[in-house]
Amino acid sequence: MSQHANLLIRDVQLIDGTGAAPYRGDLAVRGERIVALGDLRDWSADSCIEGHGRCLSPGFIDVHTHDDSNVIRMPEMLPKLTQGITTVIVGNCGISASPVRLPGPDVPDPMNLLGRLEDFRYPTFAAYAEAVSAAQPSVNVAALVGHTALRANFMERFDRPASAEEIQQMRSALRQALADGAIGMSSGLAYMNARHAPAAEMHALVEEVGAAGGIYTTHLRDEFAGLLDAMDEAVATARHGQAPLVISHLKCAGVGNWGSAPLALEKLELAARQHSCHCDCYPYTAGSSTLDLGQVTDDFEIFITWSDPHPQMARQTLQAIAASWGVSLLDAARRLQPAGAVYHNMAEDDMRRILKHPLSMVGSDGLPNDPHPHPRLWGAFPRVIGHFCRDQGLFSLPEAIHKMTGLSARSFGLGDRGELRVGAFVDLTLFDLPRCATAPPSPTPSPRRRASSWWWSTAPWPTATGNSKRAPAACSNAPLNPHNPDHHPRRKPMSIKRYGAEGGTGTGGQKLPFSRAVEAGGWLYVSGQTPMKDGEVVEGGIIEQSRLAFQNCLDIMAEAGYGVEDVVHVTTVLTDARYFSSFNKVFKEIFGDHPPARICSVQDLVVDCKVEVDVKCFKASRA
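Throughout, the numbering used here is defined as the position within the sequence shown, counted from one, plus 223.
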């Protein structure tokens, strides 16, 4: 029987964001959700796009941006939209637009990367979220709280550790921001205004992040000779706070540190076996930031992009400026400050190794407020696809897309994004692989001429480059909240029903402070279930325990009016990898002809408990 959709995209190579092989087919959309994939020749639609064999993927997610104020001031977001980016993570490297109270008159380094004093007008995260919503940017926004921003609120000077009182003030502000929708906290410990923060200060703040279910990202304290020790510090901090860790733009900086990528990646792998650890990477061998006296050297080229006291010196090398003034490199750098710089401080082989690694995501780290930005602002994502994937064969196309979509969404807790699957949001990028950029665009490109990927949504859109101020229907205009995967301010209001809101019972019969399940918009989220009866773990082997854990889920589902055929995703935790085969037998027994998607990991659980499962269900009739 023929079915109808709002939008059909026909005859495309579907790259679903999971790393799976592409397949030829169609995609159907109703409202803001994908409703069907595959051979949809019998479907009709209000609107149809003929893909002619082009690649259709989830919208790209830029996990490392400094677009905090730009999503409000320049909501068209052309540097992102023309790359196929539909979601940005802001608030990286310890700097964020909120919650911030700056006394002025100057914006402390490196917060000046985000704009001038007038751009820091959001004393609370709620105020920032409201401003983003009002601006209606063309991309989804998820926001971190910057550690340096917190310091700026409560510390008159930065050349010391925070006091106990200041830490408590920062914790309180961070806790409120997380409650208002921030997805976690970032740090930039390499920067002057954060480097005096000791491990104890960071541990205290990341405790708040972990308690809220957020993520901790960090610009490491040292990306040069002390890289490995800095990685150890970051991992220890994240573990202490029980928060997932993302190392920002992992690199081996400095000539003396070139060739260290295998050691750094080995350390990342070891940490990831015990704790959620990832990194992001941009596909270039140059860093871009403020001019840091600690990085001044003649070992590599330093390109000046702006200078407040000497704007005429922009677009020259520091070496050339020093020669023209007849002074040393360090003295020239002092004269130029505050200033911006591009540091050609990485080796190509190191960067390729990190970019290729399965724990690495793609982030542009573009600087939209730099008057002469590094090309990564406009060209990072096409460069991954066109240069490193297609031309260099560094990884397959599904792997490349996974690094820019599914892996990013999962790592940052962005529900129902990053994958092409039924029920996911309509964040889509349609691109022509042969036309993707082979080289980075110039620092001042024409967005229309340089566009190498096309963004489509259910909303009317004048051009592929998105030169309209109207926000796409599939985009969220307020910061995304990972604690509520269906958070979407422009959706019609939906009812939320909580089952067992008074809390279940844990081992020993104590009350637990969460619902057994929550229903919203046709979706049912069932809390993790273990093989328990009457608050106690039932002894038995993995098969018996798996059956009971699933039965506990099924009982809750039945209470809410959902059946096994409505399950779309299962999350599984096993305490021993050797249980995998036995668990699979029970899984097949439970789901039969309705196999849902699944993720399985090995972690510690409560004593005598071998397995924990949770399920996500969807029923269209209740949407």
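All residues carry an ideal CB built from backbone N, CA and C; glycine is no exception.
**Request:** Determine the direct distance from the alpha carbon of Arg-418 to that of Thr-753, and round the result to whole angstroms.
**Result:** For Thr-753 and Arg-418, the distance between alpha carbons rounds to 43 Å.
**Item:** Rounded Cβ spacing between Arg-256 and Gly-646 (contact assumed at less than 8 Å)
**Value:** 6 Å
**Request:** Whole angstroms is fine: what's the gap from Ala-420's alpha carbon to Pro-467's?
**Result:** Rounded to the nearest whole angstrom, the CA to CA distance from Ala-420 to Pro-467 is 20 Å.
**Message:** Using only the alpha-carbon positions, how far apart do Thr-540 and Ala-564 sit?
**Reply:** 9 Å
**Beta bridge counterpart(s) of Cys-278 as assigned by DSSP** = Gln-236, Phe-654
**Residue nearest to Phe-648 in terms of C-alpha spacing, selected from Arg-444, Gln-226, Arg-253** = Looking at the Cα atoms, Arg-253 is the closest of the given residues.
**Request:** Report the rounded CA-to-CA distance for Asn-568 versus Ser-511, giving the unit in angstroms.
**Result:** 10 Å
**Asked** Between Leu-637, Arg-640, Gly-784, which lies nearest to Ser-844 when the distance is taken from Cα to Cα?
**Response** Shortest Cα-Cα distance from Ser-844 to any of Leu-637, Arg-640, Gly-784 involves Gly-784.
**Request:** Please check the pair Thr-310 and Asp-639, which I expect to be a contact at CB under 8 Å, by giving their CB distance rounded to whole angstroms.
**Result:** At roughly 12 Å, the Cβ-Cβ gap does not stay under 8 Å, so Thr-310 and Asp-639 are not in contact.
**Request:** Closer than 8 Å by C-beta to Thr-347: which residues in its own chain qualify, once you throw out the five before and the five after it? Chain order, please.
**Result:** The residues are Ser-321, Pro-322, Gln-399, Ala-400, Asp-403.
**Message:** Starting from Asp-778, trace the alpha helix (DSSP H) in both directions and tell me its first and last residue.
**Reply:** Run containing Asp-778: 765 to 783, per the alpha helix (DSSP H) assignment.
**Request:** Report back the beta-carbon spacing between Val-793 and Arg-821 to the nearest angstrom; my notes put them in contact at under 8 Å.
**Result:** 5 Å
**Item:** Under the three-state DSSP convention, the category His-227 falls into
**Value:** It is a strand residue.
**Within 9 Å, strictly: CB atoms of His-501 and Ser-634** = yes
**Asked** Are the CB atoms of Met-183 and Leu-428 nearer to each other than 9 Å?
**Response** Examination of residue 183 is not possible in this model, given that the chain is present from 224 through 846 alone.
**Prompt:** What residue range is occupied by the uninterrupted alpha helix (DSSP H) comprising Tyr-351?
**Reply:** 348 to 358
**Residue environment, His-275, which counts as buried when at least 16 other CB atoms sit within 10 Å** = exposed
**Asked** Based on Cα-Cα distance, which residue from Arg-658, Gly-549, Glu-742, Asn-775 lies nearest to Asp-757?
**Response** The alpha carbon of Asp-757 has as its nearest neighbour, out of Arg-658, Gly-549, Glu-742, Asn-775, the alpha carbon of Asn-775.
**Message:** Checking 9 Å against the spacing of the C-beta atoms, do Val-355 and Ile-295 come in under that value?
**Reply:** yes
**Asked** Identify the residues that DSSP records as bridge partners of Ser-858: which are they?
**Response** Given that the chain is displayed from residue 224 to residue 846, the structure contains no residue 858 and the question cannot be resolved.
**Prompt:** Is DSSP giving Ser-631 helix, strand or coil here?
**Reply:** Judged by DSSP in its simplified three-state form, Ser-631 adopts helix.
**Asked** So Ile-624 packs on Gly-240, CB below 8 Å; how close in whole Å?
**Response** 6 Å
**Asked** Looking at C-alpha atoms only, which residue of Ala-459, Thr-513, Ala-800, Ala-349 is the closest neighbour of Ala-494?
**Response** Ala-459
**Request:** Indicate the three-state DSSP secondary structure (helix, strand or coil) for Ser-511 in the structure shown.
**Result:** strand
**Prompt:** Among residues of its own chain, excluding the 5 on either side of Asp-789, which ones have a beta-carbon nearer than 7 Å to its beta-carbon?
**Reply:** Cys-840, Phe-841, Lys-842
**Prompt:** Ends of the alpha helix (DSSP H) at Asp-554?
**Reply:** Counting along the chain, the alpha helix (DSSP H) containing Asp-554 begins and ends at 552 to 559.
**Message:** On the criterion of 16 or more Cβ atoms from any shown chain inside 10 Å, does Gln-497 qualify as buried, or is it exposed?
**Reply:** exposed
**Message:** At 4 residues or longer, what runs of the alpha helix (DSSP H) sit wholly inside the stretch 292 to 366?
**Reply:** 293 to 296, 301 to 304, 348 to 358
**Asked** Are the Cβ atoms of Met-574 and Met-627 separated by less than 9 Å?
**Response** no
**Asked** Is Thr-520 helix, strand or coil when you go by DSSP?
**Response** coil
**Asked** What is the residue span of the alpha helix (DSSP H) that Trp-548 lies within?
**Response** Where Trp-548 is concerned, the enclosing alpha helix (DSSP H) starts and stops at 541 to 548.
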